[in-house]
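Residue numbers (our numbering): 251 to 504. What follows is a set of notes on a single structure, which appears directly below.
In structure tokens:
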């Protein structure tokens, strides 16, 4: 899957396909996943990501800088009965180009690379989760997990890394306590919040995350929300801004 979002106009396009191994290439000894519409390959020093959408295309090169983030401190945690492994590279220097509806745009900036795997069966998980990568103006990169099982039990935490590579793992107040501005998808019937309060008392952190635009669903075999978002708030009495990507997977039926 690949998507492009214009936060100014609200334009959004997504491409989502399943491919058999007969028409795809996957390597077990190096980074290479290639399909008829997309490719991710290379190394941490020179990674290429490209994708072809109906009206747009992505072709970028990434180079890892800074420190890796190990989710929950060790890179392993339990989530909705699954044994999950995840590391993140929050800072990758990015160059390349985007083509949107025939117009070319140079690409530059920082990207976030996330690698996650778990013992998950086919189909939607039992319950639902929200994940965010919060890129903050104070130099912090934050990986946020908030899960709710089928019985309504919640589990939430954040992993913070600063520019020196120092990690904090801190409990998170459930996002459901202050999530609002729900959007009902006419395609899937799922109902997603699009505004959240990220409340972390131990770090004196209170952030507001707003999806921009609201309608950023990937409606495939198992519908999910994958959306660009804007951050404002306060940490330790200081104002902070930033941006993030919000992922909502599982049972989000209205």
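For every residue, glycine included, the Cβ atom is placed at its ideal position computed from N, Cα and C. Every value quoted in this text rests on a predicted model; they were computed, and no experiment measured them.
Run of the beta strand (DSSP E) containing residue i, from where it starts to where it stops
i	result
residue 312	306 to 314
residue 330	No beta strand (DSSP E) contains residue 330, which DSSP labels as neither H nor E.
residue 404	404 to 411
residue 428	No beta strand (DSSP E) holds residue 428; DSSP gives it neither H nor E.
residue 273	It is not in any beta strand (DSSP E) - residue 273 carries neither H nor E in the DSSP assignment.
residue 360	353 to 368
residue 385	378 to 386
residue 400	Careful: residue 400 lies outside any beta strand (DSSP E) and carries neither H nor E.
residue 291	288 to 292
Rounded straight-line distance, which links the Cα of residue j to that of residue i
i	j	result
residue 416	residue 391	11 Å
residue 488	residue 452	15 Å
residue 483	residue 490	5 Å
residue 446	residue 385	16 Å
residue 397	residue 494	18 Å
residue 437	residue 469	7 Å
residue 400	residue 500	10 Å
residue 303	residue 486	42 Å
residue 439	residue 261	21 Å
residue 272	residue 284	11 Å
residue 421	residue 457	15 Å
residue 263	residue 253	6 Å
residue 290	residue 267	15 Å
residue 305	residue 428	36 Å
residue 492	residue 393	13 Å
residue 316	residue 413	7 Å
residue 331	residue 351	43 Å
residue 258	residue 321	32 Å
residue 347	residue 265	18 Å
residue 424	residue 404	7 Å
residue 461	residue 288	25 Å
residue 455	residue 479	18 Å
residue 356	residue 466	23 Å
From the options, residue whose alpha carbon lies closest to that of residue i
i	options	result
residue 286	300, 277, 293 and 295	300
residue 366	382, 335 and 264	335
residue 431	317, 323 and 442	442
residue 481	264, 388 and 353	388
residue 433	371, 402 and 498	498
residue 382	406, 369, 372 and 370	406
residue 569	265, 329 and 338	This structure gives no information on residue 569, because the portion of the chain shown stretches from 251 to 504.
residue 318	409, 370 and 380	409
residue 328	353, 369 and 466	369
residue 504	455, 411 and 378	378
Residue i - partner residues in DSSP beta bridges
i	result
residue 474	468 and 499
residue 394	382 and 408
residue 435	The partner list for residue 435 (beta bridge, DSSP) is empty, contrary to what the question assumes.
residue 420	408
residue 462	None; residue 462 has no bridge partner.
residue 446	459
Min CB distance residue i to chain D below 8 Å
i	result
residue 311	In summary, chain D is missing from the structure at hand, where a single protein chain is found.
Flag this pair as touching only if the segment 361 to 381 and the segment 334 to 343 have three or more C-beta atom pairs under 8 Å; answer yes or no. yes
Counting Cβ pairs closer than 8 Å, one from the segment 307 to 317 and one from the segment 267 to 282, do we hit at least three? no
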